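A.B. asks: The sequence shown maps to residues 62 to 158 in our numbering.
All residues carry an ideal CB built from backbone N, CA and C; glycine is no exception.
Source: prediction; values computed, not measured.
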Amino acid sequence: MPCNSLVLSILSASKIERFLSAMGVDEVKEILNTLRVAMSLSFGMLIIVVGGIIRRFDDKNVDSIFWLGALFAVFLLTIILLLIIKISQRTKEIKEL
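1) Measure from the C-beta of Asn122 to each C-beta in chain B and report whether the shortest distance is under 8 Å.
2) Tell me where the alpha helix (DSSP H) around Val135 begins and ends.
3) Note down the Cα distance separating Asp87 from Leu138, rounded to an integer number of angstroms.
4) When the Cβ atoms of the segment 135-155 are set against those of the segment 100-113, are three or more pairs found closer than 8 Å?
5) Which one of Ser103, Phe127, Glu91 has the shortest CA to CA distance from Ile145?
6) Can you give me the Cβ contacts of Ile92 inside the same chain, cut-off strictly under 8 Å, excluding the 5 residues immediately before and after it?
7) Measuring alpha carbon to alpha carbon, tell me which of Asn94, Leu96, Val98, Phe133 ends up nearest Ile114.
8) Excluding sequence positions up to five away, which residues of its chain have a Cβ less than 6 Å from the Cβ of Lys147?
9) According to DSSP, is Asn94 part of a helix, a strand, or is it coil?
10) Near Arg117, which residues of its chain fall below 8 Å by C-beta distance, leaving aside the five closest residues on each side in sequence?
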């Protein structure tokens, strides 16, 4: 009888590991989706900011707002690059699970 309980505990442990692994995959997928939404929003903001920068430049209105917009565009590009790196890492995590 002790042998059977050992087998049952091993089987249940493997089921628990699979369950926890599935939970881990779901959690990583949820984080991945959140990162994708953040990247989409960042791209949208970047398009709006760059459009404003171009309009100000075409109007020959290169002032402090123009330069702040340019700095914000560079900041958004940096954020997008970091999001791409994080998405790549999370995708590799899913492959490992």
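C.D. replies: Considering the structure as presented:
1) In summary, chain B is missing from the structure at hand, where a single protein chain is found.
2) 125-157
3) 29 Å
4) yes
5) Ser103
6) Arg151
7) Phe133
8) Leu96
9) helix
10) Val123, Asp124, Ile126, Phe127, Gly130
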